[in-house]
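Peer 1: Numbering (the UniProt record's numbering), first residue to last: 1 to 151.
From the three backbone atoms N, C-alpha and C, an ideal C-beta is built for every residue, glycine too.
Just so we're clear, the structure is a prediction, and the values are computed from it rather than from any experiment.
One structure, as structure tokens, below. Some questions next.
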């Protein structure tokens, strides 16, 4: 790369990014982190998330990605209400056969006002999207999710 090309590239970057500095990137990162922590506190009722906290020990970069992106950027959006978002998550995890995460989100859903009957309907819908074996597995897993009032 020639000096002229480097200078042109630097000028183009400055034009695109303007006065974006490392400090402003850090501030945006901190804002996403805080938003992610607030979402987790809201979903869990302040109980935290043991899986995420365990990841922080060995995979801090993965835990931070989850906190900033999944929780802060995606779950932190306001276009869906809490109930709808949790029902969608339960349906997706049930259809995937990802039962540990389905149980986590079913617990959040119950805490946020979704009824057990509504969760059963989501599991029943899974027969259409993922088949009876996945729905049966999801039904068995849902039986293991405690009601928030019993905790």
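Using a 10 Å radius around the Cβ and a threshold of 16 neighbouring Cβ atoms, would you call residue 108 buried or exposed?
Peer 2: Working through the chain shown from its first residue, we reach residue 108 at position 108. That one is buried.
Peer 1: For residue 34, which of 73, 101, 99 and 50 has the nearest alpha-carbon?
Peer 2: Start at 1 with the first residue of the chain shown, and residue 34 comes out as number 34. With distances taken between Cα atoms, residue 34 lies closest to 73.
Peer 1: In the structure shown, what three-state DSSP assignment does residue 98 receive?
Peer 2: In the chain shown, residue 98 corresponds to position 98, counting from 1. Note: residue 98 maps to coil in three-state DSSP.
Peer 1: How is residue 145 classed by DSSP in three states: helix, strand or coil?
Peer 2: Position 145 of the chain shown, counting from 1, holds the residue named residue 145. Three-state DSSP puts residue 145 in coil, outside helix and strand.
Peer 1: With a threshold of 16 other CB atoms inside 10 Å of the CB of residue 94, please say whether the residue is buried or exposed.
Peer 2: Within the chain shown, the letter at position 94 stands for residue 94. Buried, by the Cβ-count rule.
Peer 1: Do you know whose CA, among 115, 92, 68 and 128, lies nearest residue 38's CA?
Peer 2: The sequence position of residue 38 within the chain shown is 38, counting from 1. The residue with the shortest Cα to Cα distance from residue 38 is 68.
Peer 1: Can at least three beta-carbon pairs, one atom from the segment 118–136 and one from the segment 79–96, be found at a separation below 8 Å?
Peer 2: Contact between the segment 118–136 and the segment 79–96 is present, because at least three Cβ pairs lie under 8 Å.
Peer 1: Please tell me whether residue 141 and residue 103 are closer than 8 Å, where the distance is taken between their beta carbons.
Peer 2: Within the chain shown, residue 141 is the residue found at index 141, counting from 1. Within the chain shown, residue 103 is the residue found at index 103, counting from 1. Yes. Within cutoff.
Peer 1: Which of the three DSSP states, helix, strand or coil, is assigned to residue 73?
Peer 2: Position 73 of the chain shown, counted from the first residue, corresponds to residue 73. In this structure, residue 73 counts as helix in the three-state DSSP scheme.
Peer 1: Using only alpha-carbon positions, find the residue among 136, 135 and 41 that is nearest to residue 76.
Peer 2: For the purposes of this step, residue 76 is taken as residue 76 along the chain shown, with counting starting at 1. When each option's Cα is compared against that of residue 76, the closest is 41.
Peer 1: Which class does residue 41 belong to by DSSP, given the choice of helix, strand or coil?
Peer 2: Within the chain shown, residue 41 is the residue found at index 41, counting from 1. The answer is helix: DSSP assigns residue 41 an H, G or I state.
Peer 1: Where does residue 140 fall in DSSP's three states?
Peer 2: Residue 140 sits at position 140 when you count from the first residue of the chain shown. Helix.
Peer 1: What would DSSP say about residue 67, mapped onto helix, strand or coil?
Peer 2: By 1-based counting over the chain shown, the position of residue 67 is 67. It is helical.
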